[in-house]
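In terms of UniProt numbering, the sequence shown opens at residue 1 and continues consecutively.
Heads up, the beta-carbon is just placed ideally off N, CA and C, and yes, glycines get one too.
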Amino acid sequence: MIAPDDTASDDDVGALLGADGPFARELPDFAPRLAQQAMARAVRQAIAGRDTLVAEAGTGTGKTYAYLVPALLSGERVIVSTGTKALQDQLYFRDLPKVRSVLGARLKTALLKGRANYLCLYRLEQTVRDGGSLAPAQAAQLATIRAWSARTRRGDRMELAEVPEESPLWPRVTSTAENCLGVECPFYEDCHVFKARREAMEADVVVVNHHLLFADLALKQEGFGEILPGAAAFILDEAHQIPELAGQFFSQSLSARQLTDMAQDTLTECSGVTGAIGLLLEPVEALQGALRKLRLAMDPLPSRGAFALLEDRAEVRAALHELGELLATLAELLASQAERSRGLANLHERAELFAERLQRIVETHGEQDVRWYETFPRGFALYATPLDLAAPMRGLRERTQAAWIHTSATLSVAGNFDHFARQLGLDEPQTLSLDSPFDYAHQALCYLPSGLPDPNARDYTEQVIAAVLPVLQASNGRAFLLFTSHRALRRAAELLQDKVPWPLFVQGSAPRPRLLEEFRASGHGVLLGAASFWEGVDVVGEALSVVVIDKLPFAAPDDPVLMARLAALERSGINPFMGWQVPSAVIALKQGAGRLIRSVHDRGVLVLCDPRLTGRGYGKLFLASVPPMPRTRELADVQAFFTATS
């Protein structure tokens with residue numbers, strides 16, 4: 001057994017993952033990789049020195065073991081954060097037990113998710129009590145959840161596949177930070193959230209996700225205490241997601257959904273308190289009416305934009321003012337009932353918090369924040385987001401006095417980490433760039449179709465599909481088409497519907513996990529995706545042999561935060577296009593291109609359609625950043641590639 005030993009040499013950590021090490025001896029599919037060993041040594045040094053490390057590790061490097069081995073051997077408390085809950089579960093239930101077993105490491109580990117992932121026993125009881133108003137399908141789901149609640153130990157929604165993740169029942173039987181009763185809850189001793197947190201406080205290695213990590217660190221910054229234990233090291237996997245997520249958690253925000261939930265919870269809580277409904281029904285209904293009126297007043301506006309667009313419309317200004325007045329009134333009335341039940345006391349606090357937040361967003365006029373809004377079919381959200389994340393991120397790291405290790409397959413632009421480092425305020429971090437062990441020269445081909453029009457052309461998507469159809473014929477389907485907009489995605493689906501003999505799988509037609517599962521099983525399917533499908537899609541083997549990218553993934557020009565940041569860069573003398581927009585788009589393109597080759601046995605063609613790759617000077621940066629594979633403009637080369645594999 002290898003005991004955690006702070007004096008172990010860097011070579012020892014690398015040797016454990018080498019050809020003569022325990023992983024090669026004990027794990028049948030383990031393949032020693034020099035890049036993995038180099039990363040393990042760098043992670044060990046960073047933890048020991050409490051340093052900041054940025055490590056880009058190409059697909060297939062084995063970065064998970066490269067950070068888990070030194071983390072488990074460090075003898076320190078380590079928090080590992082992943083980009084998604086799916087990756088979090090994979091890490092905790094598959095990878096971590098294997099590494100612990102091989103190392104013989106006697107460590108306490110814990111899995112911790114955000115509270116919306118855990119069943120709330122108090123809210124379950126309330127929902128059961130009001131169950132008569134549920135539709136038959138939801139009533140059946142409630143019965144399933146209730147039966148599961150009696151046997152589950154963790155209360156993690158992941159255990160209950162029978163109730164779909166998107167079921168509207170889940171928000172009714174889980175809690176939020178605002179509606180949780182905390183130690184006042186009658187079910188506190190059995191609470192799944194607090195049990196999971198207690199386990200995390202006592203563990204040596206805690207596996208979380210980025211949403212939870214930043215929610216906790218943002219709370220800690222505001223002085224509300226902490227969920228996660230203090231740690232000697234934070235390891236952030238899929239770290240390319242951090243800049244955007246950090247922006248969310250350092251923002252002030254308020255949504256119609258939060259206020260609607262509070263209104264509904266108020267009516268539910270009144271049912272157990274004599275006379276409360278008579279006092280609170282009218283102001284709650286007035287608040288719900290004000291939310292509808294405000295949403296209606298926002299209808300003529302773009303779906304997202306700067307707050308100034310709201311302030312320019314008299315009816316929106318009036319509706320915002322009315323909403324603020326009604327929130328304050330409801331908070332006062334709830335204050336008079338707060339001592340009558342734990343739930344009403346909590347609702348009073350929520351109403352005060354939301355009233356204060358609305359006032360702060362509406363009245364903020366500082367240059368440090370970007371105020372903006374977003375509308376949805378039935379609601380809206382208001383935000384005040386910091387213009388520059390570097391300062392709060394730097395302060396956050398300094399307070400932890402810990403090692404911060406950022407890793408992903410996509411952090412650099414043509415080998416340069418400046419863009420990622422600047423966004424997070426990383427001053428001269430240690431950097432490491434590790435190439436993928438895959439043989440791209442033989443496993444892949446990059447096809448740049450010629451003759452495509454400017455991406456702004458009206459018929460651009462039609463031309464893309466015309467250029468891609470012969471590729472799909474050569475590959476016999478087995479393709480993943482990625483689009484930079486949902487409009488292009490829908491148009492492509494229409495064009496392909498009657499033209500291809502292979503099954504089509506279109507984002508939005510079914511939940512993402514089911515679409516991917518059916519695509520894999522089909523063997524010759526064509527999957528169309530946008531936005532979230534650019535990353536986290538892992539299809540190994542022949543089911544995926546083509547990845548098509550329609551345009552360079554520049555961020556949408558309707559993003560008010562981005563526009564404000566670009567203007568600030570220009571004021572400081574930095575070219576916003578080359579200093580921000582191009583690097584961000586390069587990293588996004590690398591994510592999309594990374595869907596193609598997922599194992600040493602995969603072969604495939606990457607089709608990059610955007611003519612700016614060869615027609616504009618900055619196109620070279622994009623081409624220098626995708627994996628090093630042969631390039632062609634000839635369809636015959638693509639056909640020959642697939643003929644050679646058949």
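Item: Inter-residue Cα distance where the pair is L448 and S545; Value: 16 angstroms
Item: Residue burial classification, P392 (beta-carbon count within 10 angstroms, cutoff 16); Value: buried
Item: Buried versus exposed, by CB contacts within 10 Å (16 or more), K499; Value: exposed
Item: Delimiting residues of the alpha helix (DSSP H) encompassing L111; Value: Not the alpha helix (DSSP H): L111 falls in the beta strand (DSSP E), residues T109 to L111.
Item: DSSP state of Q430 mapped onto helix, strand, coil; Value: strand
Item: Reduced DSSP category for N117 - H, G, I as helix; E, B as strand; rest coil; Value: helix
Item: Closest residue to T268 among E332, D459 and G343 (Cα-Cα distance); Value: G343
Item: Nonlocal neighbours in the same chain, by C-beta distance under 8 angstroms from R612, ignoring five residues either side; Value: P455, L552, Y618 and G619
Item: Selected residue, minimal CA-CA separation from L213, among E166, R115, C270 and A290; Value: R115
Item: Spatially closest choice to V607 from R154, A567, L596 and L320, by CA coordinates; Value: L596
Item: Residues near P186 by beta carbon distance below 8 angstroms, same chain, minus five either side; Value: Y122 and R342
Item: Bounding residues of the beta strand (DSSP E) (the contiguous stretch that carries C446); Value: A444 to Y447
Item: Cβ-heavy atom distance, L330 to the ligand NAP, below 7 angstroms; Value: Ligands are entirely absent from the displayed structure, and the ligand NAP is therefore not among its contents.
Item: Helix, strand or coil at residue 685 according to DSSP, with G and I counted as helix; Value: Past the boundaries of the shown model lies residue 685; the chain is included only from 1 to 646, so the question cannot be answered.
Item: C-alpha distance - G131 paired with A139, whole-angstrom precision; Value: 7 angstroms
Item: Reference residue 657, options S303, C191, R77 and E282, closest by Cα; Value: With the chain running from 1 to 646 in the structure shown, residue 657 is simply not present.
Item: Cβ-based neighbour list, N117, same chain, cut-off 8 angstroms, excluding 5 preceding and 5 following; Value: K85, D156, R157, M158 and T174
Item: G247 beta carbon less than 8 angstroms from that of L389; Value: yes
Item: Sheet register partners of V607 (DSSP bridge); Value: Y447 and V548
Item: Distance, L68 Cα to F224 Cα; Value: Only weak support is given to the placement of F224: the predicted model assigns it a pLDDT of 46, under 50, and the value that follows is read from those uncertain coordinates. Their backbone Cα atoms lie some 30 angstroms apart in a straight line.
Item: Where S408 sits in the DSSP three-state scheme; Value: strand
Item: Beta-carbon contacts of A19 that lie in its chain and below 7 angstroms, excluding the five residues immediately before and after; Value: P32
Item: Contact set for T632: own chain, Cβ-Cβ below 8 angstroms, skip 5 residues either direction; Value: L445, C446, Y447, L448 and V638
Item: Cut-off 6 angstroms between Cβ atoms - residues of its own chain near L111, not counting five sequence neighbours on either side; Value: Y92 and V207
Item: Span of the beta strand (DSSP E), counted from its first residue to its last, around N209; Value: V205 to N209
Item: Given T266 as reference, the closest of A231, H348, A474 and G14 once Cα atoms are compared; Value: H348
Item: I235 beta carbon less than 8 angstroms from that of V80; Value: yes
Item: Segment limits, beta strand (DSSP E) that includes D237; Value: A233 to D237
Item: Bridge-paired residues (DSSP) for E56; Value: S408 and S433
Item: Through-space distance from I465 to L472, alpha-carbon basis; Value: 10 angstroms
Item: Alpha-carbon spacing of A555 relative to G305, whole angstroms; Value: 14 angstroms
Item: Cα-Cα separation, L334 to P377; Value: 30 angstroms
Item: Assumed close pair L434, A38 - CB separation to whole angstroms, cut-off 8 angstroms; Value: 6 angstroms
Item: Run of the beta strand (DSSP E) containing V506, from where it starts to where it stops; Value: L504 to V506
Item: Beta strand (DSSP E) segment containing Y383, residue limits; Value: G379 to P386
Item: Buried versus exposed, by CB contacts within 10 Å (16 or more), M578; Value: exposed
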